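Engineer: Add 94 to a position in the sequence shown, counting from 1, and you land on the number used in our numbering.
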Amino acid sequence: MEYRKIKDEDEIRDGALEDVEKSFLLSVPDSSLSSGGETKIDIHKTKAKWKRKSVVTLALTILTSSQAILIVWSKRAGKYEYSVTTANFMVETLKCAISLMALGRIWKKDGVNEDNRLTTTLDEVIVYPIPAVLYLVKNLLQYYIFAYVDAPGYQILKNFNIISTGVLYRIILKKRLSEIQWAAFVLLTAGCTTAQLNSNSDRVLQTPFQGWVMAIVMALLSGFAGVYTEAIIKKRPSRNINVQNFWLYIFGMCFNCVAMLVQDFDAVMNKGFFHGYSFITVLMIFNHALSGIAVSMVMKYADNIVKVYSTSVAMLLTAVVSVFLFGFQLSLAFFLGTVVVSVAIYLHSVGKMQR
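1. How is the alpha helix (DSSP H) around ASP217 delimited, first residue to last?
2. Rounded to whole angstroms, what is the Cα-Cα separation between TYR322 and VAL227?
3. Within the chosen definition, does the region 252 to 272 reach the region 411 to 420 through at least 3 CB pairs nearer than 8 Å?
4. Going along the chain, which residues of its own chain have a beta-carbon closer than 7 Å to the beta-carbon of ALA162, five neighbours each way excluded?
5. Please state whether DSSP places LYS173 in a helix, a strand or coil.
6. Quick check on this structure: which residue in GLN423, ILE327, SER385 has the alpha carbon closest to the alpha carbon of LYS189?
7. Return the first residue and the last residue of the alpha helix (DSSP H) that THR301 is part of.
8. Could you tell me which residues DSSP pairs with LEU291 in its beta bridges?
9. Buried or exposed for ASN207, going by 16 or more other Cβ atoms inside 10 Å?
10. Less than 8 Å separating the beta-carbons of GLY305 and TYR242?
11. Give me, in chain order, the residues of the same chain whose beta-carbon lies closer than 7 Å to that of LEU194; leave out the 5 immediate sequence neighbours on both sides.
12. If you compare alpha carbons, which of THR375, GLN338, TYR174, ASP358 is closest to LEU197?
13. Using a Cβ-Cβ cutoff of less than 7 Å, which residues in the same chain neighbour MET184 once the five nearest sequence positions on both sides are dropped?
14. For LYS269, which three-state DSSP category applies?
15. As a quick exercise: from LYS269, VAL407, THR179, pick the residue whose alpha carbon is nearest that of SER436.
16. Measure the beta-carbon distance from TYR343 to GLU186 and round it to whole angstroms, keeping in mind my assumption that it falls under 8 Å.
17. For the alpha helix (DSSP H) that TYR238 lies in, which residues bound it at each end?
18. Are there 16 or more other CB atoms within 10 angstroms of the CB of TYR222, so buried, or fewer, so exposed?
19. According to DSSP, simplified to helix, strand and coil, what is ASP204?
20. Going by DSSP, what residue range makes up the alpha helix (DSSP H) through ALA361?
21. Who are the near neighbours of ASP124 in its chain, counting only those whose CB is closer than 8 Å to its CB and skipping five residues on each side?
22. Which same chain residues, not among the five before or five after MET409, have their C-beta less than 8 Å away from its C-beta?
23. Would you mind working out which of GLN357, LEU299, PHE254 sits nearest PHE279, comparing C-alpha positions?
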């Protein structure tokens with residue numbers, strides 16, 4: 095959930111999303127009872143469910159497709175005029191505030207109990223710095239990779255996290271992967287490579303070696319952080335997910351403060367914390383904070399296939415928008431690569447359900 099953007103999110107928080115539902119999602123009113131009887135009630139609920147699924151699918155598609163676009167758009171003359179560490183800090187702060195608001199609603203409705211209170215033991219809290227550090231490095235790389243990759247290329251390459259998460263699940267959590275999932279990993283690699291083919295240059299791939307290395311490192315960091323976080327959640331499954339997110343984001347804020355001191359101390363002290371911020375920068379921060387919530391909503395009110403469609407449409411939508419904003423050239427190789435990646439994501443989802 096970014097809500098921590100854990101990769102392979104659909105496996106990670108299945109047992110904990112009921113609290114997210116209580117905190118963030120609209121419930122369907124029961125005032126539809128009338129002389130029409132149960133048939134009318136069923137029709138009303140079906141329409142409400144379809145409407146809800148449509149809304150969350152649209153939200154996830156827009157948030158996913160605009161994520162890379164907003165990062166690239168926030169640049170000025172090819173550089174970030176703001177400090178990326180302050181932007182990351184604001185993302186963590188916003189997510190922490192959302193978690194607290196969610197807990198406030200739960201406390202008001204159900205009261206404070208052992209599973210939703212913030213006070214805890216050192217043994218429980220001490221496990222959160224590890225994923226917080228991993229996400230810190232991954233989020234910083236997310237900005238710097240755009241020196242080598244355009245927005246559509248980023249949307250394609252970041253799907254490598256599916257492979258890293260699946261392999262780490264097999265190694266660390268001993269979860270068996272189906273043959274369909276292994277085939278999906280091969281297709282995914284082929285699709286990402288195809289989308290990066292460059293027919294207009296002597297260079298075979300559009301993305302240089304540094305970009306591929308950063309994409310793979312980001313995928314490994316994100317995958318390991320996701321698997322580690324799932325292990326934390328399953329260690330105490332009854333613990334309210336908003337409490338777990340709160341502590342994760344608190345450590346994220348602390349580590350981002352350290353990153354600010356190391357990387358951007360002079361800029362922040364001389365120019366101010368919000369120097370270089372624009373309306374696009376603010377939109378980008380809100381986008382990063384809300385993306386995880388949208389994933390949680392899809393997981394609760396839709397299904398994995400909806401997430402596949404959202405991801406596939408987002409890749410194409412990012413490419414189309416980039417044509418107008420950044421002069422991106424939509425090639426046949428990119429289109430075919432996107433199709434192959436979409437099929438691979440679909441097969442991975444189906445293979446997961448058939449395990």
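Cβ coordinates follow ideal geometry from the N, Cα and C atoms, glycine included.
Since the structure is predicted, the reported quantities are computational estimates derived from the model, not experimental observations.
Structural biologist: According to the structure shown:
1. For the purposes of this step, residue 217 is taken as the residue at position 123 of the sequence shown. Its alpha helix (DSSP H) spans residues 216 to 219.
2. The residue given as residue 322 occupies position 228 in the sequence shown. The residue given as residue 227 occupies position 133 in the sequence shown. Straight across, the Cα-Cα distance linking TYR322 with VAL227 is about 12 Å.
3. no
4. Start at 1 with the first residue of the sequence shown, and residue 162 comes out as number 68. Cβ within range, chain order: ALA245, TYR248, GLN249, THR412.
5. Stepping through the sequence shown from its first residue, residue 173 is reached at position 79. It is a strand residue.
6. By one-based count along the sequence shown, residue 189 stands at place 95. Among GLN423, ILE327, SER385, the Cα nearest to that of LYS189 belongs to SER385.
7. Counted from its first residue, the sequence shown places residue 301 at position 207. No alpha helix (DSSP H) contains THR301, which DSSP labels as neither H nor E.
8. As a first step, residue 291 must be located in the sequence shown, where it is residue number 197. According to DSSP, which records beta bridges pairwise, LEU291 is partnered with LEU299.
9. Position 113 of the sequence shown, counting from 1, holds the residue named residue 207. ASN207 should be labelled exposed.
10. If you number the sequence shown from 1, residue 305 lands on position 211. If you number the sequence shown from 1, residue 242 lands on position 148. Going by C-beta atoms, GLY305 is nearer than 8 Å to TYR242.
11. Taking the first residue of the sequence shown as 1, we reach residue 194 at position 100. PHE340.
12. Within the sequence shown, residue 197 is the residue found at index 103, counting from 1. Taking only the C-alpha atoms, the option nearest LEU197 is GLN338.
13. Position 90 of the sequence shown holds residue 184. Here the set comprises ILE379.
14. In the sequence shown, residue 269 corresponds to position 175, counting from 1. Of the three classes helix, strand and coil, the one that applies to LYS269 here is coil, per DSSP.
15. In the sequence shown, residue 436 corresponds to position 342, counting from 1. The option with the nearest alpha carbon to SER436 is VAL407.
16. As a working mapping, residue 343 is identified with position 249 in the sequence shown. As a working mapping, residue 186 is identified with position 92 in the sequence shown. Rounded, the Cβ-Cβ distance is 5 Å, consistent with contact.
17. Translated into positions along the sequence shown, residue 238 becomes position 144. Residues 223 to 238.
18. For this step, residue 222 is matched to residue 128 along the sequence shown. Burial call: buried.
19. As a first step, residue 204 is located in the sequence shown; it is residue number 110 there, counting from the start. In this structure, ASP204 counts as helix in the three-state DSSP scheme.
20. By 1-based counting over the sequence shown, the position of residue 361 is 267. Where ALA361 is concerned, the enclosing alpha helix (DSSP H) stretches over 359 to 365.
21. In the sequence shown, the residue the question calls residue 124 occupies position 30. Residue placement at ASP124 is flagged as unreliable, the pLDDT there being 45, under the threshold of 50; a coordinate-derived value is accordingly withheld.
22. Numbered from 1 along the sequence shown, position 315 holds the residue referred to as residue 409. Excluding sequence neighbours, MET409 sits near SER159, PRO246, GLN249, ILE250, THR432, VAL435, SER436.
23. Indexing the sequence shown from 1 puts residue 279 at position 185. PHE279 has its Cα closest to that of PHE254, out of GLN357, LEU299, PHE254.
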